[in-house]
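Asks:
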Amino acid sequence: MERLIFGPFELDVERLVLSADGIQLALGPKVVETLLALAERPGEILAKSELLARIWPEGFIEEASLSQNVYVLRKTMRAHWDGEVIETLPRRGYRFVAPIVPRVAEGVPLAPLPAAALPAPRQRRWLPSAVALFAALVLGALGLRAIALRGDAQTRLLPPTAQRLYALGRYYWNERSQTSLLRSLSYFHRVVTLAPRDPRGYEALASAEAMMGDYGYGAPSLDFAAAGLYAKKAIALDPSAGEAYAALGAIALDRRHFQSANRLLERAVRLTPKDAPAREWLGILRLNDGDAAAGYRDLRVAARLDPLSTATTAWLAQAAYFDRHFHQAIAYAHQALDLDPHRFDTLTTVGLAQEALGNNHLAAVTFEAFSSRCASCRNEGAALLADLYAREGKRTLARHELALARADVHDVGRDDLAFAFAALGKRGSALAVLAHAGTATHLAFEMDPRFDSLRGFPLYRSAPRVSS
């Protein structure tokens with residue numbers, strides 16, 4: 001098994017895994033494949049078109065996805081090393097510029113590849129990995145509040161052991177998987193044990209618990225309840241604890257208390273402008289309000305603050321679709337899939353954007369892929385295909401897919417089912433579906449570009465709205 005060594009990094013060529021100081025980094029396979037394509041030919045300038053063809057042989061991708069992959073790689077590696085790894089050559093492409101040592105697993109390292117023609121990397125900053133990680137986290141890599149607590153014109157630091165545990169917790173918190181969030185909670189609990197009068201541990205616990213509830217990893221009602229308790233504790237200790245207000249805003253959003261969520265999340269953003277989850281939740285709230293442009297704007301900010309968040313990128317793709325930025329929606333959806341290949345819901349965004357662009361064949365292929373990759377997605381995929389086929393005039397196929405969708409509507413979006421009925425001319429059935437849906441479904445229906453052909457239809461204008 002071949003491995004490539006450069007600086008503190010080790011790239012497993014076969015498994016497409018990048019590690020730093022022995023710790024595996026949370027990067028999607030397409031991101032690592034971008035690095036591998038460059039590292040296999042160090043010192044050479046690789047054109048963007050060549051990289052696109054190598055990394056996405058299936059096509060249907062834009063340069064923005066490649067640029068995002070390079071951005072994510074740079075951001076991740078700079079948290080562990082000062083050396084330059086990837087050089088951008090405007091209008092030409094990218095070049096790998098770090099000296100490489102190839103290694104065979106369990107074997108002896110081979111001689112370094114020639115690096116005489118490569119630009120000399122900046123001197124490595126030899127810090128212990130925990131301290132380097134801590135510095136990267138608190139000084140801007142995650143856009144968090146400074147580690148120093150403001151108050152009484154003095155600066156108070158966490159105790160050294162608590163600082164290290166806090167940094168480790170933040171590292172796992174940022175990975176956002178169920179396992180990593182649970183691990184972050186264990187570290188943050190130890191922080192509050194060591195520093196019970198410091199708000200940062202409680203603030204971090206509130207944020208992690210709110211994410212557990214938001215992503216449905218555990219029991220959402222219990223997770224959000226715990227998040228609320230920790231958030232209130234943090235605010236009692238520090239009224240400027242912005243992350244705590246963000247957690248309370250997420251709780252209000254989950255309970256569909258939209259006015260309260262808006263007030264809390266806007267306050268969170270004012271207090272901590274670089275808090276990515278606060279921006280993400282605020283963007284989701286804007287979409288729930290039916291404001292696609294504002295949702296897209298806030299989610300773009302969230303994605304810039306945290307480009308490694310799969311959830312943020314997936315929501316950004318959906319917001320781009322609603323705001324009629326179809327090419328961007330496809331690019332963002334592919335980025336989310338690169339970060340997490342199991343984020344199957346982003347395939348629906350790709351398919352809908354392709355449909356809006358008139359690429360019906362690509363849309364059908366994408367919806368079929370969505371249906372086949374996810375065991376619980378077949379009915380939702382059938383609703384999407386029924387709408388697409390009906391708009392193409394393939395009514396027999398459309399009716400077949402609609403029958404599959406109706407066989408178990410539990411996993412089918414009400415708006416997608418309504419669109420399928422409407423496309424088949426069953427507008428009364430479409431209105432009946434919407435009549436039993438909540439306000440959020442109506443707003444999603446009206447933001448959706450597929451609704452443009454139904455806008456102004458008199459029966460729809462008179463359809464009853466059910467408050468959420």
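Read in the UniProt record's numbering, the sequence shown has 369 at position 369, and its numbers run on one by one without any break. Built from N, CA and C at the ideal position, the CB exists for glycine as well. Computed from a predicted structure; not experimentally measured.
1) If you draw a straight line from the alpha carbon of ASP416 to that of THR312, how long is it in whole angstroms?
2) Here's the rule I'm using: 16 or more other beta-carbon atoms within 10 Å means buried, otherwise exposed. How should ASP452 be labelled?
3) What residue range is occupied by the uninterrupted beta strand (DSSP E) comprising VAL17?
4) I'd like to know whether the C-beta atoms of LEU38 and TYR94 end up nearer to each other than 8 Å.
5) Going by DSSP, what residues sit across from ILE86 in a beta bridge?
6) Count the other C-beta atoms from every protein chain shown that fall within 10 angstroms of the C-beta of SER186, then say buried if there are 16 or more, exposed otherwise.
7) So the candidates are GLY290, ASP306 and PRO341; which of them puts its Cα closest to the Cα of GLN318?
8) Output the boundary residues of the alpha helix (DSSP H) element that contains LEU384.
9) Check whether the stretch 339 to 357 and the stretch 81 to 95 touch, using three or more Cβ-Cβ pairs below 8 Å as the test.
10) Report back the beta-carbon spacing between LEU329 and ALA320 to the nearest angstrom; my notes put them in contact at under 8 Å.
11) Would you kindly check if the distance between the Cβ of ALA331 and the Cβ of SER49 is under 8 Å?
12) Answer yes or no: do PRO307 and GLN68 have a C-beta to C-beta separation smaller than 8 Å?
13) Tell me, please, which residues DSSP counts as bridged to GLN24.
14) Under DSSP, the alpha helix (DSSP H) around PHE9 begins and ends at which residues?
15) From HIS80 to GLN259, what does the alpha carbon distance come to, in whole angstroms?
16) Between which two residues does the beta strand (DSSP E) holding GLU401 run?
17) What is the C-beta distance between ALA398 and ALA386, in whole angstroms, given that I count them as a contact (C-beta under 8 Å)?
18) Check whether the Cβ of PHE367 sits closer than 7 Å to any heavy atom of the ligand FAD, and report yes or no.
19) Return the Cβ separation of LEU282 and LEU265 in integer angstroms, given the expectation that the two are a contact with Cβ distance under 8 Å.
20) Sort out for me which residues DSSP pairs ILE45 with in a bridge.
21) Just tell me which of LEU253, ARG200 and MET212 has its CA closest to the CA of GLY242.
22) Would you report the Cα separation of LEU337 and ASP21, rounded to the nearest angstrom?
23) Please say whether ALA390 and LEU424 have beta carbons closer to each other than 8 Å?
Replies: If we stick to the structure as given:
1) When the Cα atoms are used, ASP416 and THR312 turn out to be separated by approximately 22 Å.
2) exposed
3) 17 to 20
4) yes
5) Its beta-bridge partners are PHE96.
6) exposed
7) For the options GLY290, ASP306 and PRO341, the alpha carbon positioned closest to that of GLN318 is the one of GLY290.
8) 378 to 391
9) No, they do not touch.
10) As written in the sequence, residue 329 is Ala, which differs from the Leu given in the question. That pair is a contact at about 4 Å.
11) no
12) yes
13) SER19
14) Element bounds for PHE9: not the alpha helix (DSSP H) but the beta strand (DSSP E), 9 to 12.
15) 41 Å
16) Not the beta strand (DSSP E): GLU401 falls in the alpha helix (DSSP H), residues 395 to 407.
17) 5 Å
18) Of ligands this structure carries none, so the ligand FAD is not represented either.
19) About 4 Å; that satisfies the 8 Å criterion.
20) ARG95
21) For GLY242, the closest alpha carbon among the candidates LEU253, ARG200 and MET212 is that of ARG200.
22) 26 Å
23) yes
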